[in-house]
Each structure stands twice: as structure tokens, then as C-alpha cells.
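Novice:
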Amino acid sequence: MNDTDHADRTGDVGDTVDLGGTGDTPGAAGTVGGTGGHRPSARRATAGMTGTTGTTGTTTGTTGMSRTAAEDSVQESRAPESAGPAVIVTGGSRGLGRETTLRLAAQGCDLAVCGRDAASLEAVAEEVRARYGRTPHTARLDVLDESALTAFVRESAARLGRVDGLVTVAGGARGTDLRDTEPSDWDLTCRLNVTHPAIALREAADHLAGTGGSAVLVSSVSGWKPAPPAQYAAAKAAQIHMASSLARELGPRGVRVNCVSPGSMLIEGKGWARLRDEDPRGYREFEKEFPGGRLVDPRDVAEVIAFLLSDRARAVNGANVPVDGGQNAPGAYGY
1 MNDTDHADRT GDVGDTVDLG GTGDTPGAAG TVGGTGGHRP SARRATAGMT
51 GTTGTTGTTT GTTGMSRTAA EDSVQESRAP ESAGPAVIVT GGSRGLGRET
101 TLRLAAQGCD LAVCGRDAAS LEAVAEEVRA RYGRTPHTAR LDVLDESALT
151 AFVRESAARL GRVDGLVTVA GGARGTDLRD TEPSDWDLTC RLNVTHPAIA
201 LREAADHLAG TGGSAVLVSS VSGWKPAPPA QYAAAKAAQI HMASSLAREL
251 GPRGVRVNCV SPGSMLIEGK GWARLRDEDP RGYREFEKEF PGGRLVDPRD
301 VAEVIAFLLS DRARAVNGAN VPVDGGQNAP GAYGY
């Protein structure tokens, strides 16, 4: 699965509940992450959520993506540039969300970032400050709290002065197999992956129309290459379809909406990294699901997100862009 942060399974996308975001749940019992896959499990778990908000500062940044130490040192020696495009990122402090935040900061974006964990938010904000000389606006909140999410988007627009882009990374799921799930598991999973991006885009749409901006919704390989749990796969598939529908609705106003579907990502501390450390043989078998023999690097997903937000992608609208390395099965145990 992915590795976001809002599931009872731990995925690997960005920042939500304990759910996971993009690409990283091999099979922790009862949890689901973002995009990637997992092994079936029979035990249910519950996710804890918070709805508190907090803020910190605004942004500034430089250009270029840091992929090597040499590149990093060059970038960090540059003086801050004038205000660049303003982008709002939900779930932007961990996993894929963190890499997306850093990638956008590297190319000079002013940022507003929310997440559930205060320490992770401060850590990514400090990294942006140290490397790029800018301070992102941050808010600690649970994206399932509609009023907190709405307030975050509105306040971010006010602080940044404009909105050129929106990235919804937070995602995940709750519940396991069909017989062990309850209606509330389906409801929470849908609210996290479908309702949260819809609310964020609803609040940002007028601002994006004013700048000719765009939105990128982070879905999952599980949204179009089915694997259990069904509630996660269904929600991610709905997210992909929703992006296409909203692209048609908002296109006449000059707003593009696209989806990115990451494959299973290797993120230290997350599910696939744990599988690698705890079950090396199982991990090597899972690597065979990838023609290139390795899981997805979240930095590569962040590159695609940054591209889709840019004017270079002005002809791309309503698309679902897989960034999965040609991955076959979304889970560690085949279809």
C-alpha cells in the first residue's frame, strides 16, 4: 500500500492517522497504508485521530531537486529567491509527503503543510529552512476533521497570498478482510481518501482558478490493480475517477486535476522496510513483482507530482499517472 498516515494499517505515503499513505503495508495486522500492497490479515485494529490545529510561519525556497550530497551542498549555498509558486500539501511531513514537501521547496515553492504529528511537522519545516532558507506554514490537524481541514486551506491561502497548487497526500484505510470489517471501516476509509481531497480542493478551487493552478491527488497502485482490503482498493479507485470528473468540472475555469498512483515504496521505518529487515526472503520474493527488481523510491514519485503541478504539464488533465516501476501485484503475496 502507500504510506500516508491515516490507517490502521501502516502505509507509506504522507501523514494521516496511522493509516498509511503510499506504497508500504506488507501486512501489519489490521492496518492499511497508502499505495503498495499488504498481506491479508484477520485481526482488526482501530485508528486514533486528532482534530487539533496549529500553525507556524510561511515559506520561501530555491530551485533544483537534491538527489546527491553534492547537489545538496550546491543548493544549500544559494540565497533564497523571491516568492515562487504557492502550494498546499496535506500529509506533507512524513513518507512520500515529506519527499514532496522537500522537492517543491527545492524548486522554489512557498509551502503550507499539514500533518498529524507535531514533531514530524517541525522536523520537515526545519529541514526546509536549513536547506532552502524558507519557512513553510504548518498546521497540526487530522484531515478527517472537516472544519480543521477547511480552516487550514483558507488560512494557508491567506498567509501565502495565492494558491498555485494543491497536493493531497494524506490517505490510508481501516479494517482488514471483508468478514472482519464494519461499516465504520468503509466510511472512514472513504472519508480519508475521497472526502478529504474533495474538501481540500473545494476550498482551494477559487484560488487555483485565479492563478491557473492545478491539483494532484495521491492515489495508489491498489486503485487500479486490485488487492485486499477491498475498502482501500475501492476508495483509491474512487479517488482516481473523482480526479477525472473534477478535471472536467474545473477545466473551464483553468484548473487541472490529476492523480498519481505510487507503487509500493521503500521508506525507512515503514512496512516494506520492516519486511526487508524481518523477512529478507519474503522481501526478495516481493521484489520480483517489479521488472526492475526494486521497490519505488518516493523521491521519484515526488518528481512526478512536481511535474504535474508545473506548466510543463499544462496539457495533462484528468489523468491517472502510475509511478510503480511496472509493479505487478500490489501485495507481497501475489494476486
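With full-length UniProt numbering, letter number 188 in the sequence shown gets 188, and the count goes up by one each step, no holes.
Glycine included, each C-beta is placed from N, C-alpha and C at the ideal position.
Quantities reported herein were computed from a predicted structural model and do not represent experimental measurements.
#1: Please name the residue or residues paired with residue 88 in a DSSP beta bridge.
#2: Is residue 255 near residue 243, with beta carbons less than 7 Å apart?
#3: Is there contact between the region 230 to 247 and the region 257 to 267, where contact requires at least three CB pairs shorter than 8 Å?
#4: What is the DSSP secondary structure of residue 193, counted as helix, strand or coil?
#5: Residue 136 and residue 109: beta carbons closer than 7 Å?
#6: Check whether the region 308 to 324 touches the region 275 to 283, counting contact only when three or more Cβ pairs, one atom from each stretch, lie closer than 8 Å.
#7: Please report the Cβ distance between residue 338 and residue 143, rounded to the nearest whole angstrom; I am assuming they are in contact, meaning their Cβ atoms lie under 8 Å.
#8: Who are residue 258's beta bridge partners in DSSP?
#9: For the region 227 to 237 and the region 262 to 270, state whether three or more C-beta atom pairs, one from each stretch, are separated by less than 8 Å.
#10: With a floor of 4 residues, list each alpha helix (DSSP H) that falls wholly inside the region 224 to 275, ordered by position along the chain.
#11: Between residue 292 and the rest of its own chain, which residues show a CB-CB distance below 6 Å, the 5 nearest in sequence each way excluded?
#12: Looking at the strands, I want to know which residues DSSP matches up with residue 140.
#13: If we count Cβ pairs, one from each stretch, closer than 8 Å, do we get three or more for the region 120 to 131 versus the region 299 to 306?
#14: Thinking just about the alpha-carbon of each residue, which of 309, 133, 98, 251 is nearest to the one in residue 119?
#15: Taking only three categories from DSSP, how would you classify residue 128?
#16: Taking all protein chains shown into account, do 16 or more other C-beta atoms lie within 10 angstroms of the C-beta of residue 178, making it buried, or fewer, making it exposed?
#17: Hey, residue 147 and residue 88: beta-carbon distance below 7 Å or not?
#18: With which residues is residue 322 paired in a DSSP beta bridge?
#19: Between the alpha carbons of residue 196 and residue 266, how many angstroms are there, rounded?
#20: Does DSSP classify residue 153 as helix, strand or coil?
#21: Is the Cβ-Cβ distance between residue 167 and residue 216 less than 7 Å?
#22: By Cβ distance, which residues of its chain are closer than 8 Å to residue 306, with the 5 residues on each side in sequence left out?
#23: Using the Cβ count rule (16 or more neighbours within 10 Å means buried), how would you classify residue 172?
#24: Which residue's Cα is closest to the Cα of residue 165: 298, 158, 204, 189?
#25: Nearest by alpha-carbon distance to residue 149: which of 202, 209, 174 is it?
#26: Please tell me whether residue 238 and residue 222 are closer than 7 Å, where the distance is taken between their beta carbons.
Specialist: According to the data block:
#1: Here residue 88 refers to the residue found at position 88 of the sequence shown. DSSP output for residue 88 lists 112, 166 as bridge partner(s).
#2: For the purposes of this step, residue 255 is taken as the residue at position 255 of the sequence shown. For the purposes of this step, residue 243 is taken as the residue at position 243 of the sequence shown. It is not a contact, given that the beta carbons lie outside the stated cut-off.
#3: yes
#4: The count along the sequence shown starts at 1 and reaches residue 193 at position 193. Looking at residue 193 - three-state DSSP - the assignment turns out to be helix.
#5: For the purposes of this step, residue 136 is taken as residue 136 along the sequence shown, with counting starting at 1. For the purposes of this step, residue 109 is taken as residue 109 along the sequence shown, with counting starting at 1. For residue 136 and residue 109, no; Cβs fall outside 7 Å.
#6: no
#7: Past the boundaries of the shown model lies residue 338; the chain is included only from 1 to 335, so the question cannot be answered.
#8: For this step, residue 258 is matched to residue 258 along the sequence shown. Paired residues: 216.
#9: no
#10: 230 to 250
#11: What you label residue 292 is simply residue 292 of the sequence shown in a count that begins at 1. Hits under 6 Å: 325.
#12: On the sequence shown, residue 140 is found 140 positions in, with the first residue counted as 1. Residue 140 is bridged to 115.
#13: no
#14: As a working note, residue 119 is residue 119 in the sequence shown. The residue with the shortest Cα to Cα distance from residue 119 is 98.
#15: For this step, residue 128 is matched to residue 128 along the sequence shown. Three-state DSSP puts residue 128 in a helix.
#16: Within the sequence shown, numbered from 1, the residue matching residue 178 stands at position 178. When all chains shown are included, residue 178 counts as exposed.
#17: Stepping through the sequence shown from its first residue, residue 147 is reached at position 147. Stepping through the sequence shown from its first residue, residue 88 is reached at position 88. Cβ distance not < 7 Å, so residue 147 and residue 88 don't count as in contact.
#18: For the purposes of this step, residue 322 is taken as the residue at position 322 of the sequence shown. Answer is 261, bridged to residue 322.
#19: Taking the first residue of the sequence shown as 1, we reach residue 196 at position 196. Taking the first residue of the sequence shown as 1, we reach residue 266 at position 266. Whole-angstrom Cα-Cα distance: 25 Å.
#20: Stepping through the sequence shown from its first residue, residue 153 is reached at position 153. It is helical.
#21: Stepping through the sequence shown from its first residue, residue 167 is reached at position 167. Stepping through the sequence shown from its first residue, residue 216 is reached at position 216. Their beta carbons are under 7 Å apart, which means residue 167 touches residue 216 by this criterion.
#22: For the purposes of this step, residue 306 is taken as the residue at position 306 of the sequence shown. So the qualifying residues of the chain are 65, 100, 103, 104, 107.
#23: Taking the first residue of the sequence shown as 1, we reach residue 172 at position 172. Buried, since its Cβ has 16 or more Cβ neighbours within 10 Å.
#24: As a first step, residue 165 must be located in the sequence shown, where it is residue number 165. Nearest of 298, 158, 204, 189 to residue 165, Cα basis: 204.
#25: By one-based count along the sequence shown, residue 149 stands at place 149. Nearest C-alpha to residue 149: 202.
#26: Sequence index remark: in the sequence shown, residue 238 carries index 238 (1-based). Sequence index remark: in the sequence shown, residue 222 carries index 222 (1-based). No, Cβ-Cβ distance for residue 238 and residue 222 is not below 7 Å.
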